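Residue numbering for the sequence shown follows the numbering used here, beginning at 4 and increasing consecutively.
Worksheet: one structure, shown below.
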Amino acid sequence: MQTLSLLALALPFLGAAAILLLGRLPNPRDIMMIAVSIGTAACVIALLFLYEDGKTHAWTLFALLPNLDVAWHLEPLGLLFAALASALWVITGLYAIGYMRANNEKKQPRFFACFSIAIGSAIGVAFAANLLTLFIFYEILTLSTYPLVSHRETKEAKRGGRYYLAYLLGTSFLFLLPAIIWTWRRAGTLDFVEGGILPGSMGGMEAALLLALYVYGIGKAALMPLHRWLPEAMVAPTPVSALLHAVAVVKAGVFAVLKVGIYIFGAAFLSEKGASEWLIWLACFSILAASLIALTKTNLKARLAYSTVSQLAYVILAMALATPAAMVAGALHMASHALAKVSLFMCAGAIHTASHKDEIPDMAGLGRAMPLTFSAFTLGALSIIGLPPFIGMWSKWRLGEAALSSGQSWGAWAALATLLLSSLLNLLYLLTIPARAFLSGAEKRVAMREAPFLCLLPPCLTALACFAMVFLIEPLGDFLAPLAREPR
Numbered sequence: 004m005q006t007l008s009l010l011a012l013a014l015p016f017l018g019a020a021a022i023l024l025l026g027r028l029p030n031p032r033d034i035m036m037i038a039v040s041i042g043t044a045a046c047v048i049a050l051l052f053l054y055e056d057g058k059t060h061a062w063t064l065f066a067l068l069p070n071l072d073v074a075w076h077l078e079p080l081g082l083l084f085a086a087l088a089s090a091l092w093v094i095t096g097l098y099a100i101g102y103m104r105a106n107n108e109k110k111q112p113r114f115f116a117c118f119s120i121a122i123g124s125a126i127g128v129a130f131a132a133n134l135l136t137l138f139i140f141y142e143i144l145t146l147s148t149y150p151l152v153s154h155r156e157t158k159e160a161k162r163g164g165r166y167y168l169a170y171l172l173g174t175s176f177l178f179l180l181p182a183i184i185w186t187w188r189r190a191g192t193l194d195f196v197e198g199g200i201l202p203g204s205m206g207g208m209e210a211a212l213l214l215a216l217y218v219y220g221i222g223k224a225a226l227m228p229l230h231r232w233l234p235e236a237m238v239a240p241t242p243v244s245a246l247l248h249a250v251a252v253v254k255a256g257v258f259a260v261l262k263v264g265i266y267i268f269g270a271a272f273l274s275e276k277g278a279s280e281w282l283i284w285l286a287c288f289s290i291l292a293a294s295l296i297a298l299t300k301t302n303l304k305a306r307l308a309y310s311t312v313s314q315l316a317y318v319i320l321a322m323a324l325a326t327p328a329a330m331v332a333g334a335l336h337m338a339s340h341a342l343a344k345v346s347l348f349m350c351a352g353a354i355h356t357a358s359h360k361d362e363i364p365d366m367a368g369l370g371r372a373m374p375l376t377f378s379a380f381t382l383g384a385l386s387i388i389g390l391p392p393f394i395g396m397w398s399k400w401r402l403g404e405a406a407l408s409s410g411q412s413w414g415a416w417a418a419l420a421t422l423l424l425s426s427l428l429n430l431l432y433l434l435t436i437p438a439r440a441f442l443s444g445a446e447k448r449v450a451m452r453e454a455p456f457l458c459l460l461p462p463c464l465t466a467l468a469c470f471a472m473v474f475l476i477e478p479l480g481d482f483l484a485p486l487a488r489e490p491r
């Protein structure tokens, strides 16, 4: 398991070097990237099968200071995130090859090398055994995705890249780093420990302030009002949007929030001290406000960006409810949203590639020209809305159950009402897109013009997975059950 873990961490970084060496040979370069992505996913999937229920495996890479190591460990939440990142890398990698070639994008070697480093960084975040290791890989993830956001090097792309870097580095060094130092001074350790390391070391008000530093210091979670970097980053090529919204960046954000809630504070401590009650209301506001803003956007990627801001707040809401069941529901929603949102963004890229249309009003009648693309979009949208039998319904259902059983009284009812209202808003701002594409503009005669095969197949596969994953919801729940276990 130690060897497989090291391989899963190292392969993306080694792959990035190989991609740069093969930069002028597009076919060998792209084959290398796909081979490395498959190898990385195989290592993580092997770890899933080898993992023994309820056990945590930990190894030290090297000691930075006494009692302060760069180390990694394996536990259910981290393995789930690593599996998402590595498996979706294979699919988004294929999609990126098709998209970059079809749109004649420049500097592809740099693009794919940074893409690989980003996935390696996400796996480093997933396997981090302490806050120091998580912080290091979290910042590498920020730096490696900056060239992707500003890839096109236009005025808009450079502006979006500056926003991206300023927000994420700013929140890290202004809020996250002080929170880590504060934790170190109070607990004497930065290790992720079952049940948390802070119980008994501080009171409720201090814990609430520290939690606020973590929630806003982890800027990739895009909680309002520190969310603007996410819509601004939509100037990037669509494979980058898929990477940002589904595979690595924002998922690293909400994963880190869950990890801090479970292994630094502990659900019991947060609940007992009432330290996260304020966050329930803020998460509910973020869910609804972002959904309402999404309704006003006519650009497809902008609408999907605000949808992501809303859906990320579901995971933060789960952590704020501060029960083991809610933590499990948050982890499941992280997975269900990843599959659905990567489908929607890849469909948006396919639409742009085939028709060069990005504005929703211009897509009237386009569904008859691109039936497979808009069908895949519809399946992904239904999962995000939370309609049965798609996986998004089950993660929302579990979150609703956790809210009712949380004992948070007004906060629980506010969470449940937010889940119901936001699902209605999801329906309005998502299903109107395929409805316009299939039902409007009937007088127009259109010829079939789907995007190239590598831009079409990946979103179809992930959209179908939104349904197929329903059959894994129980095994996934069992796998994540240790998150709901009382600390030893």
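Note that CB positions come from ideal geometry on N, CA and C, so glycine has one too.
All values derive from a computational prediction rather than experimental measurement.
With a threshold of 16 other beta carbon atoms within 10 Å, Met208 falls short and is exposed. If you draw a 10 Å sphere on the C-beta of Trp92, you find 16 or more other C-beta atoms in it, and that means buried. For Asp72, the uninterrupted beta strand (DSSP E) segment begins and ends at 71-77. With 16 or more other Cβ atoms from the protein chains shown falling within 10 Å of its own Cβ, Ala121 counts as buried. Sequence-distant partners of Gly81 (beyond 5 residues in either direction) whose C-beta falls short of 6 Å from its own C-beta, in its chain, are Ala129, Phe130. When the five nearest sequence neighbours on each side are left out, the beta carbons in the same chain lying within less than 6 Å of the beta carbon of Phe178 are those of Leu216, Tyr219, Gly220, in order along the chain. C-alpha of Leu28 to C-alpha of Ser153: approximately 24 Å in a straight line. Going by beta carbons, Pro462 and Cys350 fall inside the 7 Å limit. Shown here, Asn106 sits in coil according to DSSP, grouped into three states, outside any helix or strand. In this model, Leu382 and Ala323 are separated by some 30 Å (Cα to Cα).
Taken through DSSP and simplified to helix, strand or coil, Asp481 comes out as helix.
The C-beta of Trp416 has fewer than 16 other C-beta atoms within 10 Å across all chains shown, which makes the residue exposed. Between Pro234 and Ala169, the C-beta gap is not smaller than 7 Å, which leaves the two residues out of contact. Of the residues assessed, Leu67 falls on the exposed side of the cut-off, its CB having fewer than 16 other CB atoms within 10 angstroms. Using a Cβ distance threshold of 7 Å, Val252 and Leu483 do not count as a contacting pair.
At least 7 Å separates the beta-carbon of Ile265 from that of Ser339. As the crow flies, the alpha-carbon of Ala190 is around 36 Å from that of Glu477.
Under the three-pair Cβ rule at 8 Å, the stretch 283-296 does not count as touching the stretch 254-262.
In this chain, the beta strand (DSSP E) harbouring Thr63 covers 60-68. Here Leu50 has Met4, Leu7, Ser8, Ala11, Leu77, Leu82, Ala85 as same chain residues with Cβ atoms under 8 Å from its own Cβ, once five neighbours each way along the sequence are excluded. If you compare the alpha carbons of Ala225, Glu159, Glu275 with that of Met205, the shortest gap goes to Glu275. Put simply, of Arg371, Leu137, Ala418 the residue whose alpha carbon is nearest the alpha carbon of Arg452 is Arg371. When the alpha-carbon of Asn107 is set against those of Pro240, Trp187, Phe16, Ser443, the nearest one is in Pro240. If the five residues before and after Leu424 are omitted, its C-beta is found closer than 7 Å to the C-beta atoms of Leu291, all from its own chain and listed in chain order. When the Cα atoms are used, Ser89 and Thr43 turn out to be separated by approximately 6 Å.
CA-CA distance, Tyr98 to Leu134, rounds to 33 Å.
Ser124 is a Cβ neighbour of Leu144, given a cutoff of 7 Å. Annotated three-state conformation of Ala85 is helix, per DSSP.
Under the three-state reduction of DSSP output, Ala367 falls in the coil class, being neither helix nor strand.
Secondary structure note for Phe377: its alpha helix (DSSP H) is the uninterrupted segment 374-388. Between Asn429 and Ile363, the gap from beta carbon to beta carbon reaches 7 Å or more. Membership of Met208 in the alpha helix (DSSP H) is indicated by the continuous run 207-220.
Distance between Phe380 and Phe470, taken at the CA atoms: about 13 Å. In the DSSP assignment, the residues bridged to Asn302 are Glu362.
His336 counts as buried, since no fewer than 16 other beta carbons sit within 10 angstroms of its beta carbon.
The beta carbon of Met472 lies closer than 6 Å to those of Ile394 in the same chain, with the five residues before and after it left out.
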